[in-house]
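Take the sequence shown: its letters are residues 1479 to 1667, numbered as in my numbering. Cβ coordinates follow ideal geometry from the N, Cα and C atoms, glycine included. In this text the structure is predicted, and so the values were computed from the model without any measurement.
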Amino acid sequence: MLPPLPGKIVASSLLTGGAVTVSQTEDGIRMEVAAADRQPIDTIVALDLDSPASDIASIKWPSGAVSEGKAATASNVYQSMSEYDAGKAFDDNDATRWATDGGTHAAWLEVDLGAPATISRAVIKEAFDRVQSFELQHKTGEAWETFARGTNIGERREVKFKPLTAQYLRLNILEATDGPTLWEFQLFK
């Protein structure tokens, strides 16, 4: 399902040959292309709208992270400024970030999913390549249990692990060259 469009789709065609079926609701757009009409490299669908496409603002494609918009806390926030608070790492926006004070070499970032959820993958997007060692942890009772470890997060690090069910999870940064800062910490089913 694609995100909804503010305009109405009046016609559609498959530029690479074949047929496409398009249905549009207020929840989004669904396109169906028969397997025989799909191309191995690209399948291009053209949509004709009732208004100019150039009048439509960019549409954000949701990540599908179960952690998006959930309550977050951190051991440190850069100069206690709200524009760098823990929630920025869970807002599904690569233009905002959680940041820590300069000189910080270890920190943690925690999320409360609101209810237990099963996850099997994390995506961490770091700014400035400062993290050298980290752990992913989930809370069991009052204790934190490590379920994955790594080094050097970088621009985008995907960590896959055996599915686990938890409500509270955290990224525990054990070592960083300077104040860790992350664009996103996303958790997926």
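Distance from the CA of P1540 to the CA of I1519, rounded to the nearest whole angstrom, comes to 24 Å. Checking the DSSP bridge columns, you'll see F1612 partnered with G1628, I1651.
Under the DSSP assignment, K1603 falls in the beta strand (DSSP E) whose first and last residues are 1585-1604. Secondary structure at E1633: coil, using DSSP grouped into helix, strand and coil.
Cβ-Cβ distances below 8 Å link V1498 to S1490, S1491, L1492, M1509, E1510, V1511, D1515, V1523 in the same chain, with the five nearest sequence neighbours on each side left out; the list follows chain order. The Cβ atoms of F1663 and F1568 sit closer than 8 Å to each other.
In the displayed model, G1565 falls within a helix according to three-state DSSP. Taking 8 Å as the cut-off, the beta carbon of A1577 is found no closer than this to the beta carbon of R1608. For M1509, the enclosing beta strand (DSSP E) covers residues 1506-1511. With contacts defined by Cβ atoms closer than 8 Å, F1666 and I1597 form a contacting pair.
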